[in-house]
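J.: Have a look at the structure that comes next, please.
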Amino acid sequence: MSGSAVADFKPFSRTQMALRVANDIPEGWYVNLGIGIPTAVADHVPLDREVIFHSENGVLGMGPAPEKDKIEPWLINAGKQYITLRPGGSMCHHADSFSMIRGGHLDLCVLGAFQVADNGDIANWATSENDTAPAVGGAMDLAAGAKRLWVLMEHTTKDGSPKLVTKCTYPLTAPAAVKRVYTNLATIDVTERGFVVLSMAPGLTFENLQAKTEAKLHLPA
Amino acid sequence: MSGSAVADFKPFSRTQMALRVANDIPEGWYVNLGIGIPTAVADHVPLDREVIFHSENGVLGMGPAPEKDKIEPWLINAGKQYITLRPGGSMCHHADSFSMIRGGHLDLCVLGAFQVADNGDIANWATSENDTAPAVGGAMDLAAGAKRLWVLMEHTTKDGSPKLVTKCTYPLTAPAAVKRVYTNLATIDVTERGFVVLSMAPGLTFENLQAKTEAKLHLPA
Amino acid sequence: MINKIVQSMADAMADIKDGSTVLLAGFGAVGQPNVLIDGLIEQGAKDLTVACNNAGTGHIGLARLMELGRVRKIVCSFPRSSDPVVFETLYRAGKIELEIVPQGTLAERMRAAGAGVPAFFTATGVGTKMAVGKEHREIEGRTYILENALYGDLGLVEAWEADRWGNLTYKLAGRNFNPIVAMASKLTVVQTQHVRELGDIDPDHIVTPGIFVDRVLHVPYGDPSGF
Amino acid sequence: MINKIVQSMADAMADIKDGSTVLLAGFGAVGQPNVLIDGLIEQGAKDLTVACNNAGTGHIGLARLMELGRVRKIVCSFPRSSDPVVFETLYRAGKIELEIVPQGTLAERMRAAGAGVPAFFTATGVGTKMAVGKEHREIEGRTYILENALYGDLGLVEAWEADRWGNLTYKLAGRNFNPIVAMASKLTVVQTQHVRELGDIDPDHIVTPGIFVDRVLHVPYGDPSGF
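What follows is the structure, encoded as structure tokens:
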């Protein structure tokens with residue numbers, strides 16, 4: 039270990055981040071995983087712990103990615119990647135698929151985000167009020183509709199700016215929606231008190247985590 | 039022929055009434071037939087003139103009544119009679135079935151009625167404002183939703199009271215909805231001028247028809 | 107392993123509370139979860155609001171539930187049947203509340219509840235008694251009224267096939283209100299004619315995906331008969 | 107005899123008017139009526155409003171239609187793709203109007219158009235830019251916004267199977283927006299991989315009944331490829 043107090047911790051890798059989310063999903067939940075890092079969560083849920091993955095384009099019961107020589111060209115997910123369907127999987131049209139989301143039938147949605155505020159606001163679809171041709175997709179439906187919204191993202195931007203903030207400066211995806219944030223540094227619940235740190239990367243101090251976080255962090259009660 | 043001017047006409051039989059409606063339905067129309075006399079209309083549309091009959095309980099493409107030894111116990115219509123399904127028939131759930139009705143996809147609905155007013159108002163579901171347990175079923179959906187609403191009914195009540203009126207005294211099913219009325223005495227369009235008589239039972243005079251009709255009748259322009 | 111298939115009526119009916127709103131699928135005698143209704147009678151929940159296309163026949167099923175004084179209110183489109191004596195007696199005696207809803211509005215209100223739509227405009231009922239007290243609005247030159255979603259605490263469904271994930275198919279006119287009752291209910295309990303192995307139902311043929319289903323009881327009673 | 111199957115693209119595209127609102131089904135490259143879009147390009151209608159989940163890729167299909175200056179406005183949820191150059195160029199130049207709609211709201215607005223619901227409340231978009239200027243209402247303690255139905259003058263659909271009454275099935279993720287585009291459009295034109303004899307599709311397996319379909323063109327192009 040190095041002697042520097044600040045550098046003396048090991049952030050979670052992307053694989054570890056996805057794995058930590060995966061471990062927190064119980065059998066039987068219906069789950070939608072957003073495009074990007076969240077998609078990788080599925081790889082860490084063993085098939086015998088049955089979690090049913092939903093994709094906005096009318097797929098319920100997604101399985102692992104197909105082997106290259108076994109691609110079904112009519113089976114893609116919302117990220118437009120080829121997928122497989124598990125036994126028990128089913129197809130529906132877009133309005134029925136979004137009924138699952140908007141009607142509150144998904145137990146969990148995991149999204150990436152640009153910013154999360156300590157009141158649960160999430161911004162994940164546009165980086166400026168004047169974005170040219172902003173693209174929202176299903177993010178607002180998922181954020182407003184799922185029973186629980188978790189965010190999986192880096193703790194800061196590449197240039198070190200905090201992404202866990204007191205107020206989102208980017209356009210909102212949904213207000214007061216996020217229940218939990220998994221970052222490369224910590225797992226943090228969004229509560230009435232604000233951000234409550236559940237666990238941290240090994241070696242990290244609470245003070246150091248706070249230094250990388252705009253909003254105030256709390257210890258569990 | 040008798041010497042009595044008043045008695046000197048022959049009302050249409052129920053079969054003739056149904057047949058006249060049937061003859062006016064072109065091939066390719068999607069049609070819902072209400073419970074009662076309207077149901078008999080289907081019997082008078084030859085199978086080779088393809089008219090697609092809809093039933094509220096999720097049936098599109100009803101065929102003739104089944105022979106007694108060929109009943110399919112899972113196939114009934116909205117009147118809860120056993121039916122057959124034509125090749126090309128399909129099933130759907132109640133919300134999809136009523137989407138066909140309410141979304142304006144039916145070319146025609148034929149209903150029975152207690153009263154029709156000369157502005158197109160129809161009353162066919164309750165005979166008093168204080169009806170005990172009035173039963174509306176799908177009548178309001180059909181009257182409001184179909185592209186055309188025709189009424190098939192006796193011209194007067196059993197005691198001779200007019201059913202073609204200036205204003206319905208029974209609770210409305212829908213306002214300004216009826217386009218045409220077929221009775222045992224005449225076929226009458228509902229127009230901006232009011233009731234316009236298209237045809238009459240053989241031997242009937244216009245004056246005699248008017249005498250059995252509360253609202254003013256018009257000759258075609 | 108997810109297994110929504112329960113082995114007893116007691117398991118199917120566990121934790122149903124007094125005061126629940128119960129959505130009953132079925133139209134005529136077809137696709138009607140009769141055995142589950144009997145289970146609900148046995149289970150004992152009372153002060154129920156029941157939404158169903160009609161209001162029971164004879165002295166069995168829903169009529170029996172009403173006769174036992176367990177139903178506070180009926181929401182239906184057609185409270186008549188070949189033998190509506192139980193409902194009519196209770197209704198005349200002021201012992202049961204009635205909300206009449208056009209059949210399509212009833213269906214759409216259930217579908218809305220399942221789809222996250224708390225209220226919607228419709229032309230059905232405009233200019234009639236059904237519109238009294240409701241918000242009216244003119245949209246593109248036509249008048250509509252606002253109707254609310256109809257949520258179920260409990261939904262009772264009959265399916266043709268089911269698997270352990272709760273995926274369902276229906277047979278012919280047995281589909282009727284079943285898929286939308288499943289969507290609209292917090293707890294959806296299904297009786298099914300056939301239990302299939304997971305994966306045996308074609309993914310393109312599943313009508314109600316298991317996400318809308320909580321418990322499945324195998325009730326292979328055969329064909330419906332009589333109305 | 108009803109026969110919705112047309113023999114030529116000219117018949118499929120007959121009478122499509124300038125100024126039409128066109129609903130395009132498809133998601134990614136799957137279940138997308140590419141051949142019909144080419145037919146529309148050939149047909150020549152202009153000043154179109156096009157509603158589609160995204161805003162075209164490369165220089166083919168919808169992107170080509172836009173590049174030819176035929177599209178006045180795009181209604182979509184995700185105007186990005188692997189190669190969105192045509193849309194982005196036109197948009198930056200102020201030559202095309204954009205209405206961004208959350209994907210679920212887009213789907214629900216189409217379904218509403220088909221179902222006779224001119225407007226409905228939804229929680230999606232509340233508290234965001236999408237809610238600006240829209241009617242807000244609190245219902246049972248939650249805030250919703252009012253969204254309008256999205257009607258098509260023309261709907262373009264890709265099916266897996268079709269018969270001469272216009273009954274359709276879809277294959278796997280090829281279903282996507284297709285059934286709701288069919289419901290929502292005054293004139294629904296379908297390209298189908300397979301034509302079946304009337305009665306050969308199981309009545310319980312038909313997804314879009316022919317009542318929502320006007321014209322069917324047989325286009326057996328095989329599997330979708332690439333995005």
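Chains as they are written, first to last, in our numbering: chain X, 39 to 259; chain W, 39 to 259; chain S, 107 to 333; chain R, 107 to 333. Every residue gets a Cβ at the ideal spot worked out from N, C-alpha and C, and that includes glycine. Remember, predicted model here, so these are calculated numbers, not experimental data.
Between the beta-carbon of Met129(X) and the beta-carbon of Asp310(S), is there less than 8 Å?
T.: For the purposes of this step, residue 129(X) is taken as residue 91 along the first sequence, with counting starting at 1. For the purposes of this step, residue 310(S) is taken as residue 204 along the third sequence, with counting starting at 1. Closer than 8 Å, so yes.
J.: Is the CB of Asn273(S) under 8 Å away from at least one CB in chain X?
T.: The residue you call residue 273(S) lines up with position 167 of the third sequence. It does; some Cβ of chain X falls within 8 Å.
J.: Which class does Asn61(X) belong to by DSSP, given the choice of helix, strand or coil?
T.: If you number the first sequence from 1, residue 61(X) lands on position 23. Three-state DSSP puts Asn61(X) in a helix.
J.: Taking only runs that begin and end inside the region 184-271 of chain S, name each unbroken beta strand (DSSP E) of 3 or more residues, in chain order.
T.: 203-206, 225-228, 242-245, 248-254, 258-268
J.: By the DSSP assignment, the alpha helix (DSSP H) with Leu304(R) in it spans what residues?
T.: As a working note, residue 304(R) is residue 198 in the fourth sequence. Unbroken run through Leu304(R): none, as it is neither H nor E.
J.: Can you check DSSP and say which residues form a bridge with Thr194(X)?
T.: For this step, residue 194(X) is matched to residue 156 along the first sequence. Note: Thr194(X) sits in a beta bridge opposite Pro200(X).
J.: Can you check DSSP and say which residues form a bridge with Thr243(W)?
T.: Here residue 243(W) refers to the residue found at position 205 of the second sequence. According to DSSP, which records beta bridges pairwise, Thr243(W) is partnered with nothing at all.
J.: Under 7 Å Cβ-Cβ, which residues of chain C neighbour Leu210(X)?
T.: Considering every chain present, this structure includes no chain C. Its protein chains are X, W, S and R.
J.: Is the region 147-158 of chain W touching the region 198-207 of chain W, taking contact as three or more C-beta pairs under 8 Å?
T.: yes
J.: Which of the three DSSP states is assigned to Arg170(S) in this structure?
T.: Residue mapping note: residue 170(S) aligns to position 64 of the third sequence, counting from 1. For Arg170(S), the secondary structure class from DSSP, reduced to helix, strand or coil, is helix.
J.: Determine which residues of the region 212-225 of chain R have a Cβ less than 8 Å from any Cβ of chain S, and write them out in chain order.
T.: For the region 212-225 of chain R, which is checked against every Cβ of chain S, the residues closer than 8 Å are Glu214, Ala218, Ala221, Gly222, Val223, Pro224, Ala225.
J.: How about Glu65(W): is its C-beta nearer than 8 Å to some C-beta of chain S?
T.: Indexing the second sequence from 1 puts residue 65(W) at position 27. No - not a single Cβ of chain S is within 8 Å of the one on Glu65(W).
J.: Check Arg218(X) in the structure and name its three-state DSSP category.
T.: As a position in the first sequence, residue 218(X) is number 180, starting the count at 1. Three-state result, Arg218(X): strand.
J.: Check whether chain S comes within 8 Å of Cys130(W), counting only Cβ atoms and requiring the distance to be less than that.
T.: Here the question's residue 130(W) lines up with position 92 in the second sequence. Chain S contact via Cβ: present.
J.: Restricting to Cα atoms, I'd like to know which of Thr155(S), Lys152(S), Gly150(S), Asp144(S) is closest to His165(S).
T.: Residue mapping note: residue 165(S) aligns to position 59 of the third sequence, counting from 1. The shortest C-alpha separation from His165(S) is found at Asp144(S).
J.: Is the separation between the beta-carbon of Ile251(S) and that of Glu244(S) shorter than 8 Å?
T.: Position 145 of the third sequence, counted from the first residue, corresponds to residue 251(S). Position 138 of the third sequence, counted from the first residue, corresponds to residue 244(S). No, these two residues do not count as a Cβ contact at 8 Å.
J.: Can you name the residues that DSSP bridges to Leu327(W)?
T.: Since the first and last residues shown for chain W are 39 and 259, residue 327(W) lies out of range.
J.: Could you tell me whether the Cβ of Ser291(S) comes closer than 8 Å to any Cβ of chain W?
T.: As a first step, residue 291(S) is located in the third sequence; it is residue number 185 there, counting from the start. With 8 Å as the cut-off, Ser291(S) does not count as an interface residue toward chain W.
J.: Could you tell me the alpha carbon to alpha carbon distance between Ala181(X) and Lys118(X), rounded to whole angstroms?
T.: Residue numbering aside, residue 181(X) sits at position 143 when the first sequence is read from its first letter. Residue numbering aside, residue 118(X) sits at position 80 when the first sequence is read from its first letter. Cα to Cα, the separation comes out at about 20 Å.
J.: Evaluate the contact criterion for the region 88-108 of chain W versus the region 184-191 of chain W: three or more CB pairs, one atom per stretch, below 8 Å.
T.: no
J.: Which chain S residues sit within Cβ distance under 9 Å of Arg140(W)?
T.: In the second sequence, residue 140(W) corresponds to position 102, counting from 1. What Arg140(W) touches in chain S: Gly210, Thr211, Glu214, Thr228, Ala229, Thr230.
J.: Counting only beta-carbon atoms, is His193(W) nearer than 8 Å to chain R?
T.: In the second sequence, the residue the question calls residue 193(W) occupies position 155. It does not; no Cβ of chain R falls within 8 Å.
J.: Go through the region 121-185 of chain X residue by residue and report every complete run of the alpha helix (DSSP H) that reaches 4 residues or more, in order.
T.: 132-140, 177-183
J.: Count the other CB atoms within 10 Å of the CB of Ala248(S); is the residue buried (16 or more) or exposed (fewer)?
T.: Position 142 of the third sequence, counted from the first residue, corresponds to residue 248(S). Before going further, note that residue 248(S) is Arg rather than Ala in the sequence given. So Arg248(S) ends up on the exposed side.
J.: Alpha carbons only, please: which of Ala184(X), Ala103(X), Ala212(X), Arg140(X) is nearest the one belonging to Val79(X)?
T.: By 1-based counting over the first sequence, the position of residue 79(X) is 41. Considering only alpha carbons, the answer is Ala103(X).
J.: For Ser135(W) and Pro172(X), what's the separation of their Cα atoms in angstroms?
T.: Within the second sequence, the letter at position 97 stands for residue 135(W). Within the first sequence, the letter at position 134 stands for residue 172(X). Approximately 37 Å between the Cα atoms of the pair.
J.: In chain order, what residues of the region 318-330 of chain S put their CB closer than 7 Å to some CB of chain W?
T.: For the region 318-330 of chain S, the set of positions with a beta-carbon nearer than 7 Å to some beta-carbon of chain W reads Asp329, Pro330 in chain order.
J.: Look at Ala118(S) and Leu323(S) and say whether their C-beta atoms are less than 8 Å apart.
T.: For the purposes of this step, residue 118(S) is taken as the residue at position 12 of the third sequence. For the purposes of this step, residue 323(S) is taken as the residue at position 217 of the third sequence. Against a cut-off of 8 Å, the Cβ pair of Leu323(S) and Ala118(S) comes out as a contact.
J.: Which residue marks the beginning of the beta strand (DSSP E) containing Ile114(W), and which one marks its end?
T.: The residue given as residue 114(W) occupies position 76 in the second sequence. Neither: Ile114(W) is in no beta strand (DSSP E) and is coded neither H nor E.
J.: How long is the line joining the alpha carbons of Gln297(R) and Pro258(W), rounded to whole angstroms?
T.: Numbered from 1 along the fourth sequence, position 191 holds the residue referred to as residue 297(R). Numbered from 1 along the second sequence, position 220 holds the residue referred to as residue 258(W). The straight-line gap from Cα to Cα measures roughly 45 Å.
J.: Where does Met107(S) land, buried or exposed, given buried means 16+ other C-beta within 10 angstroms?
T.: Sequence index remark: in the third sequence, residue 107(S) carries index 1 (1-based). So Met107(S) counts as exposed.
J.: What does a CB cutoff of less than 6 Å around Gln54(X) pick up in its chain, not counting 5 residues either side in sequence?
T.: As a first step, residue 54(X) must be located in the first sequence, where it is residue number 16. The answer is none, since no qualifying residue turns up.
J.: Enumerate in chain order the residues of its own chain whose CB-to-CB distance from Thr225(W) is below 6 Å, with the five nearest sequence positions on each side excluded.
T.: The residue given as residue 225(W) occupies position 187 in the second sequence. Cβ within range, chain order: Leu236, Ser237.
J.: For Trp188(X), return the contacting residues in chain R, with the cut-off set at a CB-CB distance below 7 Å.
T.: Along the first sequence, read from residue 1 onward, the residue named residue 188(X) stands at position 150. Under the 7 Å cutoff, chain R gives no residues; its nearest Cβ is about 18 Å from Trp188(X).
J.: Give the interface partners of Val136(R) over in chain X, defined as CB-CB distance under 7 Å, in chain order.
T.: The count along the fourth sequence starts at 1 and reaches residue 136(R) at position 30. Below the 7 Å Cβ cutoff, chain X contributes Trp112, Ile114 as neighbours of Val136(R), in chain order.
J.: Tell me which residue opens and which closes the beta strand (DSSP E) that Asn70(X) is part of.
T.: Working through the first sequence from its first residue, we reach residue 70(X) at position 32. Looking at the DSSP string, the run of the beta strand (DSSP E) that includes Asn70(X) is 68-71.
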